[in-house]
Amino acid sequence: MDLVHRAILEDLEHGDITTGITVESGQPGHAVIIAKEECVVAGSFIVKEVFHQMDTTIKATLLSPEGALVQAGDILIDLEGDLHMILQGERVALNFFQRTCGVATLTRKFVERVRETGCRIVDTRKTTPGLRLLQKYAVRAGGGDNHRYGLSDGILIKDNHIAACGSVAKAVTRARGRAPHTLKVEVEVTTIDGLKEAIRAGADAVLLDNMKVNVLEEAVKTARKIKPEIILEASGGIHLENVRSVAQTGVDIISVGALTHSASASDLSLDVTV
2 MDLVHRAILE DLEHGDITTG ITVESGQPGH AVIIAKEECV VAGSFIVKEV
52 FHQMDTTIKA TLLSPEGALV QAGDILIDLE GDLHMILQGE RVALNFFQRT
102 CGVATLTRKF VERVRETGCR IVDTRKTTPG LRLLQKYAVR AGGGDNHRYG
152 LSDGILIKDN HIAACGSVAK AVTRARGRAP HTLKVEVEVT TIDGLKEAIR
202 AGADAVLLDN MKVNVLEEAV KTARKIKPEI ILEASGGIHL ENVRSVAQTG
252 VDIISVGALT HSASASDLSL DVTV
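Note that the sequence shown covers residues 2 to 275 in the working numbering.
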(Lines of atoms letter the chains of each structure in order from A; the text may use other names.)
(Lines give C-alpha, C1' and ligand atoms only; values in the text may rest on other atoms or scores of the structure.)
Protein backbone atom coordinates (compact mmCIF):
# COMPACT_ATOMS: atom_id res chain seq x y z
CA MET A 2 0.00 0.00 0.00
CA ASP A 3 1.69 3.19 -1.23
CA LEU A 4 0.03 5.37 1.45
CA VAL A 5 1.68 3.34 4.19
CA HIS A 6 5.01 3.26 2.36
CA ARG A 7 5.05 7.06 2.06
CA ALA A 8 4.13 7.47 5.74
CA ILE A 9 6.99 5.18 6.79
CA LEU A 10 9.45 7.12 4.63
CA GLU A 11 8.22 10.37 6.12
CA ASP A 12 9.17 9.15 9.61
CA LEU A 13 12.18 6.95 8.83
CA GLU A 14 13.80 8.44 5.76
CA HIS A 15 17.01 9.03 7.71
CA GLY A 16 16.58 6.21 10.21
CA ASP A 17 15.66 6.04 13.91
CA ILE A 18 18.58 7.26 15.98
CA THR A 19 17.09 6.44 19.39
CA THR A 20 15.98 2.89 18.65
CA GLY A 21 19.19 2.25 16.73
CA ILE A 22 21.40 2.94 19.74
CA THR A 23 19.19 1.47 22.49
CA VAL A 24 17.56 -1.65 21.04
CA GLU A 25 19.49 -4.48 19.42
CA SER A 26 18.48 -5.28 15.85
CA GLY A 27 16.69 -8.61 15.79
CA GLN A 28 15.83 -8.52 19.51
CA PRO A 29 12.63 -10.56 19.84
CA GLY A 30 9.78 -9.16 21.88
CA HIS A 31 6.11 -8.53 22.39
CA ALA A 32 3.95 -5.40 22.39
CA VAL A 33 0.27 -4.54 22.51
CA ILE A 34 -1.86 -1.66 21.25
CA ILE A 35 -4.24 -0.60 24.01
CA ALA A 36 -7.28 1.68 24.10
CA LYS A 37 -6.89 4.41 26.71
CA GLU A 38 -10.50 5.55 26.34
CA GLU A 39 -13.79 4.22 25.00
CA CYS A 40 -13.72 4.09 21.22
CA VAL A 41 -14.90 2.20 18.15
CA VAL A 42 -12.31 0.03 16.42
CA ALA A 43 -11.64 0.86 12.77
CA GLY A 44 -8.59 0.32 10.60
CA SER A 45 -6.80 -2.59 12.27
CA PHE A 46 -5.76 -3.74 8.81
CA ILE A 47 -3.70 -0.59 8.28
CA VAL A 48 -1.75 -1.38 11.45
CA LYS A 49 -1.03 -4.87 10.11
CA GLU A 50 0.12 -3.34 6.83
CA VAL A 51 2.49 -0.91 8.58
CA PHE A 52 4.24 -3.68 10.49
CA HIS A 53 4.23 -5.99 7.47
CA GLN A 54 6.10 -3.32 5.52
CA MET A 55 8.47 -2.81 8.43
CA ASP A 56 9.23 -6.54 8.75
CA THR A 57 7.25 -9.38 7.20
CA THR A 58 8.05 -11.63 10.18
CA ILE A 59 6.20 -9.43 12.70
CA LYS A 60 3.00 -11.18 13.75
CA ALA A 61 0.03 -8.86 14.35
CA THR A 62 -3.00 -10.49 15.94
CA LEU A 63 -6.26 -8.52 15.94
CA LEU A 64 -8.08 -9.00 19.24
CA SER A 65 -11.02 -6.63 18.76
CA PRO A 66 -13.16 -6.80 15.59
CA GLU A 67 -13.81 -3.84 13.33
CA GLY A 68 -16.77 -1.80 14.53
CA ALA A 69 -16.49 -3.07 18.11
CA LEU A 70 -16.98 -0.61 20.96
CA VAL A 71 -14.03 -1.07 23.31
CA GLN A 72 -13.23 0.36 26.72
CA ALA A 73 -10.12 1.90 28.29
CA GLY A 74 -7.62 -0.86 28.99
CA ASP A 75 -8.83 -3.20 26.25
CA ILE A 76 -6.10 -4.70 24.08
CA LEU A 77 -6.83 -4.17 20.40
CA ILE A 78 -3.79 -5.67 18.70
CA ASP A 79 -1.06 -8.05 19.86
CA LEU A 80 2.37 -7.73 18.21
CA GLU A 81 5.19 -10.25 18.26
CA GLY A 82 8.56 -10.02 16.52
CA ASP A 83 11.65 -7.87 16.17
CA LEU A 84 11.29 -5.09 18.78
CA HIS A 85 13.70 -2.92 16.80
CA MET A 86 11.23 -2.88 13.89
CA ILE A 87 8.09 -2.71 16.03
CA LEU A 88 9.36 0.47 17.71
CA GLN A 89 10.27 2.05 14.39
CA GLY A 90 6.75 1.45 13.08
CA GLU A 91 4.97 2.46 16.28
CA ARG A 92 4.15 6.10 15.50
CA VAL A 93 3.15 5.51 11.89
CA ALA A 94 0.78 2.71 12.90
CA LEU A 95 -0.76 4.75 15.70
CA ASN A 96 -1.13 7.85 13.54
CA PHE A 97 -3.33 5.92 11.14
CA PHE A 98 -5.18 3.85 13.75
CA GLN A 99 -5.96 6.71 16.14
CA ARG A 100 -7.53 8.74 13.35
CA THR A 101 -9.63 5.96 11.87
CA CYS A 102 -10.87 4.95 15.31
CA GLY A 103 -11.65 8.60 16.05
CA VAL A 104 -13.80 8.92 12.92
CA ALA A 105 -15.63 5.67 13.70
CA THR A 106 -16.22 6.72 17.30
CA LEU A 107 -17.72 10.09 16.40
CA THR A 108 -19.84 8.46 13.69
CA ARG A 109 -21.20 5.93 16.19
CA LYS A 110 -22.29 8.78 18.48
CA PHE A 111 -24.26 10.41 15.67
CA VAL A 112 -25.79 7.10 14.60
CA GLU A 113 -26.90 6.37 18.16
CA ARG A 114 -28.53 9.80 18.45
CA VAL A 115 -30.82 9.16 15.46
CA ARG A 116 -31.61 5.53 16.26
CA GLU A 117 -35.19 4.46 15.39
CA THR A 118 -35.91 7.65 13.42
CA GLY A 119 -35.36 5.97 10.05
CA CYS A 120 -32.76 8.60 9.15
CA ARG A 121 -29.26 7.70 7.96
CA ILE A 122 -26.02 9.48 8.89
CA VAL A 123 -23.63 9.99 5.96
CA ASP A 124 -20.25 11.60 5.48
CA THR A 125 -19.11 14.23 2.96
CA ARG A 126 -16.04 14.89 0.81
CA LYS A 127 -14.57 17.06 3.59
CA THR A 128 -11.76 14.62 4.24
CA THR A 129 -8.02 14.84 4.89
CA PRO A 130 -6.21 14.83 1.51
CA GLY A 131 -4.85 11.35 0.83
CA LEU A 132 -6.89 9.72 3.60
CA ARG A 133 -10.37 9.78 2.07
CA LEU A 134 -10.67 6.03 1.53
CA LEU A 135 -9.61 5.27 5.11
CA GLN A 136 -11.85 7.94 6.62
CA LYS A 137 -14.88 6.85 4.64
CA TYR A 138 -14.20 3.25 5.62
CA ALA A 139 -14.08 4.38 9.27
CA VAL A 140 -17.48 6.06 8.88
CA ARG A 141 -18.95 2.73 7.80
CA ALA A 142 -17.21 0.93 10.66
CA GLY A 143 -18.93 3.38 12.99
CA GLY A 144 -22.34 2.56 11.53
CA GLY A 145 -22.69 5.47 9.12
CA ASP A 146 -23.00 5.50 5.35
CA ASN A 147 -20.98 7.11 2.59
CA HIS A 148 -21.98 10.02 0.39
CA ARG A 149 -20.05 10.52 -2.86
CA TYR A 150 -16.46 9.27 -2.77
CA GLY A 151 -15.47 11.68 -5.51
CA LEU A 152 -16.97 14.13 -7.97
CA SER A 153 -17.57 11.39 -10.54
CA ASP A 154 -19.81 9.34 -8.23
CA GLY A 155 -22.99 11.38 -8.49
CA ILE A 156 -24.64 14.64 -9.45
CA LEU A 157 -24.93 17.20 -6.67
CA ILE A 158 -25.78 20.68 -7.92
CA LYS A 159 -24.53 23.19 -5.36
CA ASP A 160 -24.85 26.94 -4.95
CA ASN A 161 -21.98 27.80 -7.31
CA HIS A 162 -23.37 25.56 -10.05
CA ILE A 163 -26.71 27.32 -9.65
CA ALA A 164 -25.01 30.72 -9.79
CA ALA A 165 -23.21 29.72 -12.98
CA CYS A 166 -26.45 28.46 -14.59
CA GLY A 167 -28.63 31.35 -13.47
CA SER A 168 -31.28 29.51 -11.44
CA VAL A 169 -32.12 26.26 -9.68
CA ALA A 170 -34.51 25.28 -12.47
CA LYS A 171 -31.98 25.92 -15.23
CA ALA A 172 -29.30 23.91 -13.43
CA VAL A 173 -31.59 20.95 -12.77
CA THR A 174 -33.04 21.00 -16.29
CA ARG A 175 -29.57 21.08 -17.81
CA ALA A 176 -28.36 18.22 -15.61
CA ARG A 177 -31.49 16.17 -16.24
CA GLY A 178 -31.09 16.61 -19.99
CA ARG A 179 -27.42 15.63 -20.06
CA ALA A 180 -27.04 13.06 -17.29
CA PRO A 181 -27.06 9.30 -17.93
CA HIS A 182 -30.38 7.73 -16.97
CA THR A 183 -28.60 5.71 -14.26
CA LEU A 184 -27.68 8.79 -12.21
CA LYS A 185 -29.95 10.65 -9.81
CA VAL A 186 -29.90 14.44 -9.80
CA GLU A 187 -29.56 16.06 -6.40
CA VAL A 188 -29.62 19.81 -5.84
CA GLU A 189 -28.75 21.95 -2.84
CA VAL A 190 -31.24 24.62 -1.75
CA THR A 191 -31.50 27.01 1.17
CA THR A 192 -35.14 28.08 0.95
CA ILE A 193 -38.61 26.59 0.57
CA ASP A 194 -38.98 28.36 -2.77
CA GLY A 195 -35.74 26.82 -3.96
CA LEU A 196 -37.01 23.41 -2.86
CA LYS A 197 -40.21 23.79 -4.87
CA GLU A 198 -38.25 24.96 -7.90
CA ALA A 199 -35.88 21.99 -7.70
CA ILE A 200 -38.64 19.39 -7.41
CA ARG A 201 -40.72 20.87 -10.22
CA ALA A 202 -37.64 20.95 -12.44
CA GLY A 203 -37.19 17.20 -11.97
CA ALA A 204 -34.72 16.74 -9.09
CA ASP A 205 -34.56 13.22 -7.62
CA ALA A 206 -33.12 14.41 -4.33
CA VAL A 207 -32.78 17.74 -2.55
CA LEU A 208 -30.15 18.79 -0.03
CA LEU A 209 -31.68 21.19 2.48
CA ASP A 210 -28.74 23.32 3.51
CA ASN A 211 -28.41 25.18 6.80
CA MET A 212 -32.12 25.22 7.59
CA LYS A 213 -33.40 25.56 11.14
CA VAL A 214 -35.50 22.69 12.49
CA ASN A 215 -38.82 24.51 12.08
CA VAL A 216 -37.96 25.36 8.46
CA LEU A 217 -36.89 21.76 7.83
CA GLU A 218 -40.26 20.55 9.10
CA GLU A 219 -42.03 22.85 6.64
CA ALA A 220 -39.67 21.80 3.85
CA VAL A 221 -40.35 18.09 4.41
CA LYS A 222 -44.13 18.62 4.39
CA THR A 223 -43.93 20.75 1.25
CA ALA A 224 -41.70 18.30 -0.59
CA ARG A 225 -43.79 15.24 0.25
CA LYS A 226 -46.93 16.95 -1.06
CA ILE A 227 -45.32 17.72 -4.40
CA LYS A 228 -43.31 14.52 -4.83
CA PRO A 229 -43.74 11.89 -2.07
CA GLU A 230 -40.78 9.79 -3.22
CA ILE A 231 -38.29 12.68 -3.20
CA ILE A 232 -35.08 11.97 -1.23
CA LEU A 233 -34.43 14.69 1.33
CA GLU A 234 -31.01 15.33 2.83
CA ALA A 235 -30.27 17.81 5.63
CA SER A 236 -26.83 19.33 6.04
CA GLY A 237 -25.10 22.28 7.65
CA GLY A 238 -24.90 23.29 11.29
CA ILE A 239 -25.68 19.79 12.52
CA HIS A 240 -24.05 18.52 15.71
CA LEU A 241 -24.68 15.92 18.38
CA GLU A 242 -26.98 18.21 20.35
CA ASN A 243 -29.42 18.87 17.51
CA VAL A 244 -29.05 15.88 15.18
CA ARG A 245 -32.00 13.97 16.65
CA SER A 246 -34.30 16.97 16.24
CA VAL A 247 -33.21 17.24 12.63
CA ALA A 248 -33.81 13.53 12.05
CA GLN A 249 -37.29 13.79 13.55
CA THR A 250 -38.34 16.32 10.89
CA GLY A 251 -38.64 13.40 8.47
CA VAL A 252 -35.55 13.89 6.30
CA ASP A 253 -34.07 10.69 4.88
CA ILE A 254 -30.40 11.52 5.23
CA ILE A 255 -28.24 13.78 7.37
CA SER A 256 -24.77 14.54 6.04
CA VAL A 257 -22.18 15.61 8.59
CA GLY A 258 -18.83 16.99 7.47
CA ALA A 259 -17.52 16.88 11.04
CA LEU A 260 -17.34 13.06 10.90
CA THR A 261 -14.14 13.33 8.89
CA HIS A 262 -12.90 16.90 9.28
CA SER A 263 -13.34 17.35 13.04
CA ALA A 264 -13.19 13.92 14.68
CA SER A 265 -10.66 13.78 17.52
CA ALA A 266 -8.05 11.05 17.31
CA SER A 267 -8.79 8.20 19.73
CA ASP A 268 -6.34 7.83 22.61
CA LEU A 269 -4.39 4.61 21.91
CA SER A 270 -0.94 3.51 22.94
CA LEU A 271 1.60 0.85 22.00
CA ASP A 272 3.23 -0.72 25.05
CA VAL A 273 6.16 -3.10 24.96
CA THR A 274 5.66 -6.03 27.31
CA VAL A 275 8.92 -7.84 26.33
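Virtual Cβ for every residue (Gly too), placed ideally from N, Cα, C.
| query | result |
| --- | --- |
| Integer-rounded CB distance, given that Val-173 should sit under 8 Å from Gly-203 | 6 Å |
| Reduced DSSP category for Arg-141 - H, G, I as helix; E, B as strand; rest coil | helix |
| Residue range of the unbroken alpha helix (DSSP H) whose run includes His-262 | 259-262 |
| Proximal residues to Leu-217 (C-beta, below 7 Å), its chain only, five neighbours per side dropped | Leu-209, Ala-235, Val-247, Thr-250 and Val-252 |
| Touching by the beta-carbon criterion (3+ pairs, under 8 Å), the region 186-202 and the region 131-142 | no |
| Stretch pair the region 259-267 + the region 110-127: three plus CB contacts closer than 8 Å | yes |
| Reduced DSSP category for Arg-121 - H, G, I as helix; E, B as strand; rest coil | strand |
| Whole runs of the beta strand (DSSP E) within the region 143-189, excluding any shorter than 3 residues | 156-158 |
| Residues near Ala-32 by beta carbon distance below 7 Å, same chain, minus five either side | Leu-80, Ile-87, Leu-271, Asp-272, Val-273 and Thr-274 |
| When Gly-119, Ile-76 and Glu-219 are compared against Ala-61, the one with the closest alpha-carbon | Ile-76 |
| Ser-65 - DSSP class collapsed to helix/strand/coil | coil |
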